[in-house]
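Enquirer: The opening residue of the sequence shown carries number 1 in the UniProt record's numbering; numbering runs sequentially from there.
For every residue, glycine included, the Cβ atom is placed at its ideal position computed from N, Cα and C.
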Amino acid sequence: MQKHFLCGYEDLNEGDSKGFSLGDNSAGTDNVFAVKKDGEVFAYKNICPHRGINLEWQPDQFLDSEKALIQCASHGALFEISTGECIAGPCAGDALTPVPVEYAQDGLYVLLAD
1 MQKHFLCGYE DLNEGDSKGF SLGDNSAGTD NVFAVKKDGE VFAYKNICPH
51 RGINLEWQPD QFLDSEKALI QCASHGALFE ISTGECIAGP CAGDALTPVP
101 VEYAQDGLYV LLAD
C-alpha cells in the first residue's frame, strides 16, 4: 500500500467534496475524491462503476444539489456517501471503490494498492 497526502483538515469542510489526482506520470495517476459528512471523511476512486468515467463534470462537484448523495454527472446515478453503494440509476446494486482514509496530525491521507 502507498500512502498519499490528500489535504489538511481545514481544506475539506463539512458537506463538501473534493477531487484529487495522486501519483506521478511515470507510475500513472489515481484519481480519488473525498466527502466530509457528519465529521467523517469518506474517500472513493473517481470511477463510475457503470461507464468507467470520472463522476464529476465540474471540479470538486461530486454531490447532488442537497449534498445528501454522491451523483454521477454523466447519467445521474446516486450513491450513498457512507458506503458508496449505488441506490438509483443504471448501476443500482453496484458500488464505488472505497479508499481507506488515515487521519494524521498534519491532515488526511489515503492508502492505495501498489
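1. Use the C-beta contact count for Q58: other C-beta atoms within 10 angstroms, 16 or more gives buried, fewer gives exposed.
2. Since K18 sits in a beta bridge, which residues does DSSP pair it with?
3. Give the C-beta separation of C7 and P49 to the nearest angstrom, bearing in mind that I take them to be a contact with Cβ-Cβ under 8 Å.
4. Report the rounded CA-to-CA distance for L55 versus G76, giving the unit in angstroms.
5. Going by CA-CA distance only, name the one from F42, L69, S17 that's closest to A88.
6. Pick helix, strand or coil for E66, following the three-state DSSP scheme.
Expert: Checking against the coordinates, here is how it stands:
1. Taking the sequence shown and counting its residues from 1, one reaches residue 58 at position 58. By the Cβ neighbour-count rule, Q58 is exposed, with fewer than 16 other Cβ atoms within 10 Å of its own.
2. Position 18 of the sequence shown holds residue 18. DSSP output for K18 lists A34 as bridge partner(s).
3. Your numbering for residue 7 matches position 7 in the sequence shown. Your numbering for residue 49 matches position 49 in the sequence shown. That pair is no contact at about 25 Å.
4. Locating residue 55 in the sequence shown gives position 55, where the first residue counts as 1. Locating residue 76 in the sequence shown gives position 76, where the first residue counts as 1. So the alpha carbons of these two residues sit roughly 9 Å apart.
5. Reading the sequence shown from its first residue, position 88 is the one you call residue 88. Per the Cα distances, L69.
6. If you number the sequence shown from 1, residue 66 lands on position 66. Look at E66 here: in three-state DSSP terms it is coil, with no helix or strand label.
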